[in-house]
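First to last, the protein sequences are chains A and B.
Position one of the first sequence corresponds to residue 2 (this note's numbering), numbered consecutively onward.
Position one of the second sequence corresponds to residue 527 (this note's numbering), numbered consecutively onward.
Backbone N, C-alpha and C define an ideal beta-carbon position, used for all residues, glycine too.
To keep things clear, I will list the structure first and then write my remarks on it.
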Amino acid sequence: MTDGIALSGLGHSYDGRNWIFRDYDVAIAAGSVFAILGPNGCGKTTLLKCLLGTLHPAAGSVQCKGQIAFVPQIFQVAFDYSVLDMVLMGRAKSISFFSQPVKHDIAEALAALDHLGMADFAERPFGELSGGQRQLVILARALVAKADVIVMDEPTSALDMKNQSLILEWIGRLSGDLGYTVIFTTHNPAQALAAADDVLLMLGKCEYASGRAPDVLCEESLSRLYGVAIRRVPFEHEGETQVTFSPVYGANCYDSPP
Amino acid sequence: MPSVEAHALRPYRRNLLIPGLSLALAAAALWSLTIGRYPVPTTQILQILFSHCPFLDSIDYDNVPLVIVEIVRLPRVLLVILCGMSLAMAGAALQGVFRNPLVGPEVCGVSAGASFGGVLAIIQGWSITGMVAMAFAFGVAALAAAFLLTRLAQNRAVVALVLAGIIIGSFFSALVGTAQYFADPQTKLPSIIYWLLGSFADANANKVGIVAVNFLLAGTALLALRWRINLLSLGDTDAEALGIHIERLRWTVVALVSLLVAAQVSVSGGVGWVGLVVPHIARMAVGPNHAKLLPASALLGGLYLLVMDDIARTVAVDEIPIGLLTAIIGTPAFAAIFWKLKGKGWSND
């Protein structure tokens, strides 16, 4: 595993004048779960692209010794590939330019699917799967990429509650049982609190809050983050205290534009 | 969990279709050599092919069946098969590159460029060799122009490539129109129109050589890249995150496709429809995975164009331009298959 990921003075601007975010210094510990929160348009996806190395940041740098695999949001594929074909694409880096996947790659793909409880779906068209199943397939694709870090872009945003819970469970297992560093973006602070060790709140262009999830995810910072009053709602479940967050509807007490 | 062996064997089992199609293509080729205004029985064809090395051994011009088979029909059959394979494979690859099943080889502007080169050669009254060279050169020039345009626009998105192809294609189409407008209506214009409609009537060993060498280089490289085309049909960010250099791969595929298309247009003029429709039929048969789709499309494309050419040269007293036939017969055939298979193979999302 890696020594973690370090964002040093990271910033990006598409036109050289208007910064989307700037001077971000964040450390992500190896093997931890890290959540990124921020309102729409704050630059979460741009930050992810910088992390993935698909976008060269205008300022600062991202230091990461290990390989990174990406799990995009639920997406459409132009052609209805089988589940196995989708997972095999994760082997792209290990298969040389003019070659095809061999038996070993297929075995790896099937093992990853089996690990996520999706082996029976190997022959099924990807398009026929539910949102949650698709996420698991893309997760399997990230597993066969033999990465150290898995970056997920809003992994639960398009899913129903049961599937949201399933994906969060898997995020915990990827980090806890398999040792992956998992970074994900979310609009749901309760999920960040439940799944992540550390969080990053993208409060403004040059302003952010980062630290242990229970410390950072408080009413005040979340209310500032989303520009609406947010209340922390604790509740008991089987003797354990869990927390959810709820906006106070009709109480847009902050004047920042949405 | 299904066993790894079962899955590992799966592609080979499905690939029974490939040997099947290969056999069908070989049988169709043999049959095509027999038909025509001067029928030659199959046994005699086989005897000629096994006793005489085509294109290399000297020919006894008093031996009519030998002349017909080796000078007239064999080059034509080979040329048709190679062009059909080139077009269908080009279409299948481009549909993957552009993530769009409605794309044909025409979209990268190469067909229009090659057409203009050919028309220019006809106006100049150059030989067949000159025409082939001009068509090929202008086809490749059109690709280079499209590439430069995307570089100038500093846009690497797939839509920039489509736009550049359409711009360059439209420009060369306009030049073809201009050339037709100024061409001598008594001598040059009919030749231009006939050539643009597409025909294999002038097939000869030289043309087969050009297309065969080109297919051996570009076609083989494209076949080797067939699995990687799957990666191009994902989104750019997603594909890049898988660790591939998406732009380099995309341009490599487009350049190889352009070579195939330029060679086809240079030897036989405009033959539309094959590159759009054949990949669809192949996709319905083997699924969307380009690792299987490209070989299946190639064989099916060769078979399809061969049958069309057989019809073009035998159904009427005068030969029908094959470019017309591929569309006229292809459309209802495709409609029927589309209806029967309910669009299997591409995403309904």
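*asked:* For Gly235 (chain A), list the residues DSSP reports as bridge partners.
replied: Looking at the sequence itself, residue 235 (chain A) is Pro, so the reference to Gly does not match. Bridge partners of Pro235 (chain A): A:Val244.
_Applying the 10 Å Cβ sphere with the 16-neighbour rule, what's the burial state of Glu237 (chain A)?_
exposed
_Interface residues of chain B facing Pro156 (chain A) [CB-CB closer than 9 Å]_ = Per Cβ cutoff of 9 Å: no residues; Pro156 (chain A) is ~14 Å from chain B at best.
*Among B:Leu556, B:Arg563 and B:Leu542, the one whose alpha carbon lies nearest that of Asp844 (chain B)*: B:Arg563
*Using a Cβ cut-off of 7 Å, pull out every chain B residue sitting near Thr55 (chain A), in sequence order please.*
Thr763, Glu766 and Ala767
_Suppose only complete runs of 3+ residues qualify. What are the beta strand (DSSP E) ranges in the segment 114 to 169 of chain A, listed by chain order?_
150 to 153
_Contact list for Gly42 (chain A) against chain B, beta-carbon separation under 8 Å_ = Those do not exist, as Gly42 (chain A) stays about 17 Å from chain B at its closest Cβ, beyond 8 Å.
*Answer with buried or exposed for Leu763 (chain B), where buried requires no fewer than 16 other C-beta atoms within 10 angstroms of its C-beta.*
It should be pointed out that residue 763 (chain B) corresponds to Thr in this sequence rather than to Leu. Its Cβ being crowded by 16 or more others within 10 Å, Thr763 (chain B) is buried.
*Alpha carbon to alpha carbon, how far is Ser696 (chain B) from Trp825 (chain B)? Give it in angstroms, no decimals.*
The residue asked about is misnamed: residue 825 (chain B) is Leu in this sequence, not Trp. Distance between the alpha carbons of Leu825 (chain B) and Ser696 (chain B) is about 31 Å.
_Please list, in chain order, the chain A residues whose beta carbon lies closer than 7 Å to that of Arg625 (chain B)._
Ala79
*Within 9 Å (strictly less), CB to CB, does Val152 (chain A) reach chain B?*
yes
*Is the segment 665 to 682 of chain B touching the segment 645 to 657 of chain B, taking contact as three or more C-beta pairs under 8 Å?*
no
*Please report the residue range of the beta strand (DSSP E) in which Thr187 (chain A) lies.*
Thr182 to Thr187
*asked:* Quick test of the definition: if touching needs 3 or more C-beta pairs under 8 Å, does the segment 144 to 157 of chain A touch the segment 88 to 100 of chain A?
replied: yes
*Using a Cβ cut-off of 9 Å, pull out every chain B residue sitting near Lys94 (chain A), in sequence order please.*
Leu768, Gly769 and Ile770
*Within the same chain, show all residues whose beta-carbon is closer than 6 Å to that of Ile6 (chain A), passing over the 5 residues directly before and after it, in chain order.*
Ile29 and Cys65
*Could you check which residue in A:Leu114, A:Tyr25, A:Phe98 and A:Leu169 has the C-alpha nearest to that of Gln192 (chain A)?*
A:Leu169
*Answer with buried or exposed for Glu51 (chain A), where buried requires no fewer than 16 other C-beta atoms within 10 angstroms of its C-beta.*
With the sequence shown as reference, residue 51 (chain A) is identified as Cys, and Glu is not the correct amino acid for it. It counts as buried.
*First and last residue of the alpha helix (DSSP H) that includes Ser792 (chain B)?*
Ile772 to Ser794
*Determine, using beta carbons only, whether Gly132 (chain A) and Asp161 (chain A) come nearer to each other than 9 Å.*
yes
*asked:* If you reduce the DSSP assignment to three classes, tell me which class Asp24 (chain A) lands in.
replied: strand
*Would you check if the distance between the CB atom of Arg809 (chain B) and the CB atom of Ala619 (chain B) is smaller than 9 Å?*
no
_Same chain, Cβ closer than 8 Å to Met119 (chain A), five either side skipped, listed in chain order_ = Val84, Gln134, Leu137, Val138 and Ala141
*Under 8 Å between beta-carbons, which chain B residues line up against Gln101 (chain A)? List them in chain order, please.*
Arg752, Trp753 and Ala817
_Proximity winner among B:Leu592, B:Trp557, B:Ser641 and B:Leu701, relative to Ser794 (chain B) (alpha-carbon distances)_ = B:Ser641
*Counting pairs of Cβ atoms below 8 Å between the segment 616 to 634 of chain B and the segment 652 to 665 of chain B, do you hit three or more?*
no
_Cβ of Ser131 (chain A) within 9 Å of any chain B Cβ_ = no
*Got a sec: is the Cβ-Cβ distance from Ser823 (chain B) to anything in chain A below 9 Å?*
no
*Let me know if Gly617 (chain B) comes out buried or exposed under the rule of 16 or more other beta-carbons within 10 Å of its beta-carbon.*
buried
*Whose Cβ in chain B lies nearer than 8 Å to the Cβ of Met90 (chain A)?*
Asn756, Leu757, Leu760 and Leu768
*Check the Cβ-Cβ distances between Asp86 (chain A) and every residue of chain B, and say whether any is below 9 Å.*
yes
*asked:* Just to make sure I have the definition right: I need the residues of chain A whose C-beta is within less than 9 Å of the C-beta of Gly948 (chain B). Which are they?
replied: No information on residue 948 (chain B) is available, as it lies outside the stretch 527 to 875 that chain B covers here.
*asked:* What would DSSP say about Ile585 (chain B), mapped onto helix, strand or coil?
replied: coil
*Can the beta-carbon of Val787 (chain B) be found closer than 9 Å to that of Val658 (chain B)?*
no
*asked:* Is there a Cβ of chain B sitting closer than 9 Å to that of Ile69 (chain A), yes or no?
replied: yes
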